[in-house]
Every structure is written in structure tokens, then in C-alpha cells.
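Heads up: the sequence shown begins at 1 in UniProt numbering, then just goes up one per residue.
Just so you know, even glycine gets a beta-carbon here, dropped at the ideal spot from N, CA and C.
Quick notes on the structure that follows.
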Amino acid sequence: MAHKLTVQELEKFSANFNSNPQNKVVARAAQHNGVLEASYNDRVESNLNRVFSTELKTDNVTNQEHSGRCWEFATLNILRHIFGKKYKAKKFTFSQSYNFFWDKIERANIFYDNILATADQPIDSRTVKAYLDDAGGDGGQFQMAAALVAKYGVIPSYAMPESFNANNTTGFATALGDKMKKDALVLRKLKQDGKDDEIEKTREKFLNEVYRMTAIAVGEPPKKFDLEYRDDDKKYHLDKDLTPLEFLHKYLGDVDFDDYVVLTNAPDHEYNKLYGLPFEDNVEGSYKIKLLNVPMEYLSSATVSQLKDGEAVWFGNDVLRQMNRKTGYLDTNLYKLNDLFGVNLDMSKADRLRTGGGEVSHAMTFVGVDEDKGNIRQWKVENSWGNKIGSKGFFVMNNDWFNDYVYEVVVHKKYLTDEQKKIAEGPVTNLPAWDSLA
Numbered sequence: 001m002a003h004k005l006t007v008q009e010l011e012k013f014s015a016n017f018n019s020n021p022q023n024k025v026v027a028r029a030a031q032h033n034g035v036l037e038a039s040y041n042d043r044v045e046s047n048l049n050r051v052f053s054t055e056l057k058t059d060n061v062t063n064q065e066h067s068g069r070c071w072e073f074a075t076l077n078i079l080r081h082i083f084g085k086k087y088k089a090k091k092f093t094f095s096q097s098y099n100f101f102w103d104k105i106e107r108a109n110i111f112y113d114n115i116l117a118t119a120d121q122p123i124d125s126r127t128v129k130a131y132l133d134d135a136g137g138d139g140g141q142f143q144m145a146a147a148l149v150a151k152y153g154v155i156p157s158y159a160m161p162e163s164f165n166a167n168n169t170t171g172f173a174t175a176l177g178d179k180m181k182k183d184a185l186v187l188r189k190l191k192q193d194g195k196d197d198e199i200e201k202t203r204e205k206f207l208n209e210v211y212r213m214t215a216i217a218v219g220e221p222p223k224k225f226d227l228e229y230r231d232d233d234k235k236y237h238l239d240k241d242l243t244p245l246e247f248l249h250k251y252l253g254d255v256d257f258d259d260y261v262v263l264t265n266a267p268d269h270e271y272n273k274l275y276g277l278p279f280e281d282n283v284e285g286s287y288k289i290k291l292l293n294v295p296m297e298y299l300s301s302a303t304v305s306q307l308k309d310g311e312a313v314w315f316g317n318d319v320l321r322q323m324n325r326k327t328g329y330l331d332t333n334l335y336k337l338n339d340l341f342g343v344n345l346d347m348s349k350a351d352r353l354r355t356g357g358g359e360v361s362h363a364m365t366f367v368g369v370d371e372d373k374g375n376i377r378q379w380k381v382e383n384s385w386g387n388k389i390g391s392k393g394f395f396v397m398n399n400d401w402f403n404d405y406v407y408e409v410v411v412h413k414k415y416l417t418d419e420q421k422k423i424a425e426g427p428v429t430n431l432p433a434w435d436s437l438a
């Protein structure tokens with residue numbers, strides 16, 4: 001039933017606002033400082049003390065700059081911690097630009113596949129529009145990074161340093177997105193006209209152009225490199241003429257991505273069920289995105305177990321909620337917006353997902369946890385925003401924030417129950433591109 005605002009109603013609202021002198025005081029603070037600063041709760045500082053009962057040995061943090069590559073950074077952070085522990089080289093880092101390059105080529109290829117597969121649908125259909133909207137994008141999931149590493153290997157950061165367009169992806173993403181959308185119109189027309197003999201030749205031409213654009217913007221990846229570093233004991237190491245895959249298999253050959261499972265907590269979906277997000281798969285014939293949906297306590301217990309076994313944990317979260325960049329605090333009581341506005345803004349995790357108020361907006365890495373007699377007090381988080389935020393790039397998270405705003409953790413299968421291991425093997429219920437988990 002439609003409602004038209006009347007002058008009388010608006011005057012009533014104004015009278016109600018002005019009837020409480022405290023509203024003017026709060027309004028001045030909010031308008032001068034912003035609603036977050038005006039509602040900041042400094043009492044959280046006494047609870048987040050950055051001391052952890054379990055803490056991995058970490059050093060320098062990475063910096064994704066102005067890009068959406070957090071999922072790649074978090075995955076490579078897991079691998080570099082494994083490498084650092086195994087070879088006593090905790091400052092060693094991998095090249096994010098290298099995997100970023102191959103993601104652009106692979107993602108264009110699978111985009112063309114999806115465009116051809118949906119050529120019989122209207123261009124304004126929900127599915128086709130979702131593919132077009134994502135053209136040229138940066139975001140991703142753990143299995144997408146795993147697929148790139150498995151196919152192309154990894155290289156040290158010095159072998160392919162960060163470039164301007166890797167650090168600041170907007171310009172290149174726009175150009176690449178425009179190119180892919182234009183290509184989509186051509187491929188749809190060829191498919192609709194039944195010109196299958198022309199499709200593969202045209203696709204190859206388009207992929208060649210994507211390669212050229214990416215090589216110009218990011219730089220072409222090296223085919224071989226020399227591994228050279230000093231370990232934590234200052235001992236010198238040199239291994240010459242390695243390919244990226246040789247490096248992966250020789251130095252990280254015991255890392256098997258098949259051993260990992262993504263546990264998700266999406267209470268708007270049925271628990272104890274395996275979901276897929278085929279819309280976000282990036283490498284044809286490689287790892288597919290699968291999420292095992294379970295209650296929150298399983299994400300927590302598996303994460304703690306993996307940390308205690310000395311391995312960091314990739315996790316997806318809604319980082320812009322109740323977060324302070326300067327301090328690196330993640331606490332559900334950080335900003336008292338309910339008190340500021342005099343309005344109850346609280347929603348359940350399920351309702352935030354249902355309404356679009358909750359999402360996986362970022363990926364980071366757990367590198368520590370603080371427990372007291374089995375009760376979790378706080379978590380240590382390694383971010384990929386450089387060392388000038390938080391405590392030299394590290395965040396501290398209280399357990400309420402974990403429960404409210406963490407949606408995914410990547411853990412070894414061995415930390416799952418027998419029932420969960422069986423569910424993780426399939427079958428998979430595929431979700432559409434507009435699902436709350438996408």
C-alpha cells in the first residue's frame with residue numbers, strides 16, 4: 001500500500017527530534033566527526049591486548065594496494081608461511097603479480113565459455129547480466145587462487161615485482177571489462193547464427209588480445225628464474241634456472257590443495273550441505289568453488305586446531321563492519337551506532353545475508369588465537385593492506401566479531417568430522433550468481 005508523506009507528518013518528525021535537546025548535541029558531534037568517529041567506543045582497547053596463547057612466527061606483511069586481490073594475497077600468505085617455516089625464511093614472499101596475470105587470461109577464457117553457453121538467453125537475463133557485470137573484475141575465492149597455483153606454480157616476489165596496474169587495477173579492469181563485453185556480443189551472435197566453425201578462431205583472437213593487454217598492463221611473467229635468498233640464520237641459498245612449477249613442486253610439493261575444505265557459515269542456507277559457485281570458477285578443468293555449510297562452532301574449532309598445528313588459516317569476512325584501520329581493531333562493539341542514532345540496527349547473520357547487508361568482502365589470514373581454559377578471547381589477523389595500518393599490518397579480532405562477520409575458513413580435512421568429510425566429497429548444490437554466498 002503506497003504512502004505519500006504529508007507536511008503534517010514531516011512537521012511532527014521535526015518536533016519529535018527537537019523535543020530532545022540531546023539530539024542536537026549528538027548531531028553536532030556526528031556532523032563534525034562523522035558517524036563512526038562520533039560513535040567510537042574506546043573501551044574496546046582494554047579488551048584487545050594483542051597477546052595470544054597460540055601465535056605463529058610471522059614478520060613482514062604484504063600490501064594489495066588499490067586492488068581486489070585479497071584472495072590471492074591470503075592464499076600466497078598461507079604458502080609463504082609454510083615455506084618460511086620449512087626453510088627458515090619467514091620474510092620470504094611470493095609474487096602476487098604473477099598469479100594475477102594468469103588469472104586475467106584464465107578468467108577471460110572461462111568468461112567466453114559462459115557467454116557461449118548462455119547465448120540462447122536474453123542479454124538482459126539475470127544470468128547473462130551477472131557474467132557481463134563481472135567482466136574484468138578482481139574479486140575471488142580460495143579455490144580460484146589454488147587453481148592458478150596448481151596450473152602455473154609460484155615465483156618469488158622479486159622475479160615479477162608489483163606494477164602500477166597490479167596495485168591500482170581500476171584503469172586496466174575498466175579497459176579489459178569493456179573489451180570482454182564487446183567480445184561477448186560477437187560470440188553471442190556467432191552462436192545464435194550457428195557459425196560454430198568461426199567461434200574457435202574468433203575466441204583465439206580475443207584471448208590473444210587479452211594476453212597482449214595484460215602483458216602491457218602488468219608485464220609478461222618469466223618462464224624461468226633463479227631462487228636466491230638468505231634464511232633467518234643469514235645462510236645464503238641459490239637454486240638456478242627454475243620454472244614456476246618446478247619451484248612449486250620442489251619446495252612446496254607437500255602442499256596438496258585437495259586436502260583443504262572451505263567451511264562456510266551461512267545460516268540462511270541449509271546446514272551440512274555442500275554448495276558450489278560455478279559462476280566464480282576461473283580455471284577450466286581445475287578446482288571448483290565448493291563451500292561446506294556448517295554451524296559456526298565448527299569454523300572456530302577447526303581454525304584453532306590448524307593454528308595449534310602451526311599453520312595459518314585463510315578466511316573470508318565482511319571487513320568493513322565494525323573495523324578501525326588505524327588501530328586494526330575488529331570488535332562488534334567498536335562503534336555504538338545504536339546509541340548514536342537511538343535506533344536498533346542489529347540484524348541476525350542470516351537476515352544480513354538475506355537482505356544483502358552481509359557479504360564476504362575481504363580475505364585475510366589467521367595467524368594466532370588467544371584462549372582461556374578453552375574459551376576464545378581474541379584472534380590475531382594478518383591483513384594485506386601494508387604495515388602502516390593496525391599494528392604493523394596485523395589486526396586483532398574479538399570472538400564476537402568472528403561469529404558475526406567471518407563467513408569462510410579454509411582448513412585441512414583432518415579437522416572435519418567423519419560426516420563432514422563425506423559431505424565434502426559431494427554431491428554439490430550449485431548456487432546462482434546472485435546468491436547471498438556469491
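Taken in chain order, the whole beta strand (DSSP E) runs of length 3 or more contained in the stretch 263–329 are 273–276, 290–293 and 313–317. For residue 218 and residue 274, the gap between their C-alpha atoms comes out near 36 Å.
Beyond the five residues adjoining it in sequence on each side, residue 199 comes within less than 8 Å, by CB distance, of 116, 187, 190 and 191 in the same chain, given in chain order. Positions of the beta strand (DSSP E) runs, each at least 3 residues long and wholly inside the stretch 167–242, are given as 225–230 and 236–242 in order along the chain. Proximity to residue 319 across 407, 304, 91 and 345 peaks at 407, based on C-alpha coordinates. Here the stretch 54–72 makes no contact with the stretch 332–351; the two share fewer than three CB pairs at distances below 8 Å. In this structure, the beta-carbon distance from residue 130 to residue 433 falls below 8 Å.
Per the C-alpha coordinates, the member of 95, 54, 152 and 76 positioned closest to residue 304 is 54. Note that the stretch 125–141 does not touch the stretch 41–53; fewer than 3 beta-carbon pairs, one per stretch, sit closer than 8 Å.
When C-beta atoms of the stretch 291–304 are compared with those of the stretch 386–397, fewer than three pairs fall below 8 Å, so the two segments do not count as touching. Of the other Cβ atoms in all chains shown, fewer than 16 fall within 10 Å of the Cβ of residue 233; this residue is therefore exposed.
Annotated as proximal: residue 336 and residue 41, with beta-carbon spacing under 8 Å. In summary, residue 165 is buried, with 16 or more beta-carbon neighbours lying within 10 Å of its beta-carbon over all protein chains present. Per the C-alpha coordinates, the member of 149, 181 and 69 positioned closest to residue 112 is 181. Between the beta-carbon of residue 160 and that of residue 98 there is about 5 Å, and that keeps the pair under the 8 Å contact cut. Linking residue 285 to residue 118 through their CA atoms gives a straight-line distance of about 19 Å. According to the DSSP assignment, residue 140 belongs to no beta strand (DSSP E), since it is labelled neither H nor E. If you compare the alpha carbons of 27, 435, 20 and 399 with that of residue 374, the shortest gap goes to 399. Each residue's CA atom was taken as its position, placing residue 277 and residue 289 some 6 Å apart.
In terms of CA proximity to residue 105, 212 leads the group 212, 327 and 195.
Our two residues, residue 312 and residue 229, have alpha carbons roughly 23 Å apart in a direct line.
DSSP places residue 96 in the uninterrupted alpha helix (DSSP H) bounded by 96–117. As far as DSSP is concerned, residue 88 takes part in no beta bridge. According to DSSP, residue 66 shares a beta bridge with 168. Its Cα nearest to that of residue 411, the residue 299 stands out among 38, 299 and 65. Distance from the CA of residue 83 to the CA of residue 30, rounded to the nearest whole angstrom, comes to 47 Å. Secondary structure note for residue 407: its beta strand (DSSP E) is the uninterrupted segment 406–412. Pairing residue 419 with residue 194, the inter-Cα distance amounts to about 47 Å. The C-beta distance from residue 214 to residue 101 rounds to 6 Å, short enough to fall under 8 Å. Separation of the CB atoms of residue 208 and residue 65 is rounded to 28 Å, and the pair is thereby denied contact status at 8 Å. Counting every other CB atom within 10 Å of its CB across the protein chains shown gives residue 152 a total of 16 or more, marking it as buried. Residue 158 counts as exposed, since fewer than 16 other C-beta atoms from the protein chains shown sit within 10 angstroms of its C-beta.
The C-beta distance from residue 383 to residue 395 rounds to 6 Å, short enough to meet the 8 Å contact threshold. Membership of residue 15 in the alpha helix (DSSP H) is indicated by the continuous run 7–18. Under the DSSP assignment, residue 424 falls in the alpha helix (DSSP H) whose first and last residues are 418–424.
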